[in-house]
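> Each residue of the sequence shown is one higher than the last, beginning at 1 in our numbering. Glycine included, every Cβ here is placed at the ideal spot set by N, Cα and C. Quantities reported herein were computed from a predicted structural model and do not represent experimental measurements.
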Amino acid sequence: SPTVLSLFDAQHNMSVPLRAANHHKDPCHSIDTHTQILLAVLDQEYHSSIPLDPVFDSIIVYNRLQESRGLIPPVSGTSWQTQ
């Protein structure tokens with residue numbers, strides 16, 4: 001926090017806390033971006049003609065997407081999108 005970082009600033013100017021407070025790298029940024037892209041693709045699938053099929057199963061659509069493009073394979077017997 002800027003308050004704590006200011007304790008280490010001998011000049012008591014805010015340049016050190018601002019620089020230090022803005023230096024943060026999210027280790028999951030790429031994974032989050034990848035997930036957002038997958039969800040956008042999933043949204044396109046759900047808004048296509050595929051759901052008009054009488055045997056449509058959203059879990060199967062999601063699992064196929066995860067198997068083909070996902071970082072982690074789907075776990076059978078679960079339904080992530082309903083949680």
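Between the Cα of residue 35 and those of 55, 78, 71, spot the shortest distance and give me the residue it belongs to.
Nearest of 55, 78, 71 to residue 35, Cα basis: 71.
> Taking C-alpha atoms, which residue in 50, 25, 59 lies nearest to residue 79?
Ranking the options by Cα distance to residue 79, first place goes to 59.
> Give me, in chain order, the residues of the same chain whose beta-carbon lies closer than 8 angstroms to that of residue 65; leave out the 5 immediate sequence neighbours on both sides.
Within the same chain, residue 65 has close Cβ partners 38, 41, 42, 45.
> Along the chain, where does the alpha helix (DSSP H) that runs through residue 120 open and close?
One cannot answer for residue 120 here, as it falls past the ends of the chain, which runs 1 to 83.
> Following the continuous alpha helix (DSSP H) through residue 65, name the residue where it begins and the one where it ends.
It spans 58-69 - the alpha helix (DSSP H) in which residue 65 sits, taken as one unbroken run.
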